[in-house]
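Taking it in order: structure first as structure tokens, then the write-up.
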């Protein structure tokens, strides 16, 4: 077994200043849609890198759920510039995109298909090191061995998974998280909770990942709703909690909540229904817990999570029911729908959502096939057949009980 984290994690107030002490000649900075520039953090990053004596080139405007095209375009600019540091700042999207660009920069002949071979990436760091600076409290990509890239032609999100893309340096400065709008707090927070729970019940869990996962779950219970309601101290604490969850899942891996979220996120885009990743996780997590709890070892672990959260119940079965009820209650407090059928504008609950029933049913089989084949399925405690995945996805569409 292997346990891998960034060599250095700078955290707490003003940790962004660590950039002043980097050693190198050229830094290629990847950033998203503008909030990091608006709030002055991008200028700080550039200023600190220049203070460290580096020439800096910006690659701006990386979209949410970055595309294969964006990755290839960024990699070409990296090749032209020749950096020895790649610095990504923002939410999961710019950091994930930069990780994939990094692979292509170091290995120009590497195709996107090559990148998607799980734990099959060749040795990096022959040209550049990687620093990730997170601005959202959920994806934890600043400490993980994962990157999610979307092939919009296929309507599928692909996870790139390899310890080679674990950043060398992570900067977890709480000031950046204070800029998140409420909806983003909700989605990233539930993403973090899903990371921690899936890591704890994963077949790859171990003594090194369990404490991280459980402590993250405790912190999320204590701070997520407060953070959503704009408590600044809670917002700071959630930034740490999501990072701990990331350390856990990067090493213990994930499960089919993420498999399903990856394969439903972009597939209904032609109906205006891009199902935001954190919202998808929040909707699917209670259903997957009910499905996985048929496995005895998973049931024990879900019951342990219920104990850590001080939920009621005398038997494992009772505790799991309380855990499911608790998560659904969190979704209500965070204004997240319970199922795809009620997923409406801006991800808010509505009686009739974006995805028509006939369209969902037409695409159901292909989604199920792709979800079973997703890289996250292998470490799920209960391995679903395509038929079972179809049934589970139906429960996630209609919000019906999982009884199989």
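Residue numbers (UniProt numbering): 1 to 404.
We put the beta carbon where it would ideally sit given N, CA and C, even for glycine.
Note that the structure is a prediction, hence the values are computed from the model and not measured.
| query | result |
| --- | --- |
| Go ahead and label residue 385 buried or exposed: buried means 16 or more other beta carbons lie within 10 angstroms of its beta carbon, across all protein chains shown. | exposed |
| Go to residue 70, then tell me how far its alpha helix (DSSP H) extends in each direction, as first and last residue. | 68–81 |
| With contact counted as at least three CB pairs below 8 Å, one residue from each stretch, are the segment 45–58 and the segment 135–144 in contact? | no |
| Looking only at its own chain, which residues have a Cβ that is under 8 Å from the Cβ of residue 307, when we skip the five neighbours before and after it? | 319 |
| Closest to residue 80 by CA distance: which of 65, 59 and 96 is it? | 59 |
| Could you say which of 31, 36 and 26 lies nearest to residue 49 if we only look at CA atoms? | 26 |
| In the DSSP assignment, the beta strand (DSSP E) including residue 87 goes from what residue to what residue? | 85–90 |
| Beta carbon of residue 177, beta carbon of residue 235: below 8 Å? | yes |
| On the three-state DSSP scale, how would you describe residue 295? | coil |
| Going by the CB atoms, is the gap between residue 4 and residue 166 shorter than 8 Å? | yes |
| By Cβ distance below 6 Å, which residues in the same chain neighbour residue 90 in space, the five residues on each side in sequence not counted? | 31, 32, 36 and 135 |
| Which one or two residues does DSSP pair with residue 237 in a beta bridge? | BP columns for residue 237 are empty, so no partner. |
| Alpha carbons only, please: which of 117, 145 and 287 is nearest the one belonging to residue 98? | 145 |
| Which whole-angstrom value describes the C-beta separation of residue 390 and residue 364, a residue pair presumed to lie in contact below a C-beta threshold of 8 Å? | 6 Å |
| Is there contact here, the segment 250–269 with the segment 145–161, by at least three beta-carbon pairs under 8 Å? | yes |
| Tell me which residue opens and which closes the beta strand (DSSP E) that residue 170 is part of. | 169–172 |
| For a quick check, are the C-beta atoms of residue 149 and residue 100 less than 8 Å apart? | yes |
| Tell me the DSSP secondary structure of residue 220 in three-state form. | helix |
| Residue 397 and residue 339 look like a contact to me (Cβ under 8 Å); what is the Cβ gap, rounded to whole Å? | 6 Å |
| Is DSSP giving residue 395 helix, strand or coil here? | helix |
| For residue 298, collect the residues of the same chain with a Cβ closer than 6 Å to its Cβ; drop the 5 residues on either side in sequence, then sort them by chain order. | 201, 292 and 381 |
| Closest to residue 42 by CA distance: which of 103, 94 and 24 is it? | 94 |
| Shorter than 7 Å, the distance from the beta carbon of residue 155 to the closest heavy atom of the ligand MN, or not? | Summarising the ligand content, the structure contains no ligands, and the ligand MN is consequently not present. |
| Going by DSSP, what residue range makes up the alpha helix (DSSP H) through residue 57? | Per DSSP, residue 57 belongs to no alpha helix (DSSP H); it is in the beta strand (DSSP E), 55–59. |
| Among 204, 226, 241 and 57, which one has its Cα closest to the Cα of residue 219? | 241 |
| Output yes or no for whether 8 Å exceeds the beta carbon distance between residue 212 and residue 170. | no |
| Where DSSP assigns a beta bridge to residue 349, which residues make up the other side? | 343 |
| Which complete beta strand (DSSP E) runs does the segment 149–208 hold, if anything under 3 residues is left out? | 156–161 and 169–172 |
| So, are the CB atoms of residue 285 and residue 267 less than 8 Å apart? | no |
| Measure the CB-CB distance between residue 133 and residue 187 and report whether it falls below 8 Å. | no |
| Give the DSSP bridge partners of residue 130, in chain order. | 86 |
| Could you check the C-alpha separation between residue 231 and residue 239 for me, to the nearest Å? | 13 Å |
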